[in-house]
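Have a look at the structure below, then the notes.
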Amino acid sequence: MKKKTHVLPSVVECDLHTGESRVLEYVEITDDEYKKQVIEPLAKIFYEAMKRDIESGKFKPGEIKKD
């Protein structure tokens, strides 16, 4: 079975006047590398933020906030 790869921008040029951007260089990584370098760090950030909110009393597990 062929391993899935992900193409990620590594160098991006952005025009601050128009807001347009374009990718100048990219990297191709395997699914395993993507999980280790992208998904796991994001999951850790999300977990730490939720933990901090629960410990501070800002959010209670099971609570649904309506804006």
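Under this note's numbering, the first residue of the sequence shown is numbered -3, with each subsequent residue one higher. Even glycine gets a Cβ: it sits at the ideal position worked out from N, Cα and C. From a predicted model like this one, the values you see are computed outputs, not experimental measurements.
Alpha-carbon to alpha-carbon, residue j and residue i
{"i": "D28", "j": "T1", "result": "9 Å"}
{"i": "P37", "j": "L4", "result": "16 Å"}
{"i": "Y22", "j": "V8", "result": "9 Å"}
{"i": "G58", "j": "Q33", "result": "30 Å"}
{"i": "T14", "j": "S6", "result": "21 Å"}
For residue i, three-class secondary structure by DSSP
{"i": "E51", "result": "helix"}
{"i": "E9", "result": "strand"}
{"i": "E24", "result": "strand"}
Spatial neighbours of residue i in its chain, beta-carbon cut-off 7 Å, leaving aside the 5 residues before and after
{"i": "I41", "result": "none"}
Same chain, Cβ closer than 6 Å to residue i, five either side skipped, listed in chain order
{"i": "L20", "result": "V7 and E9"}
is_contact[residue i, chain C] using C-beta, thresh 8 Å
{"i": "D49", "result": "Considering every chain present, this structure includes no chain C. It has just one protein chain."}
Spatial neighbours of residue i in its chain, beta-carbon cut-off 8 Å, leaving aside the 5 residues before and after
{"i": "D11", "result": "S17"}
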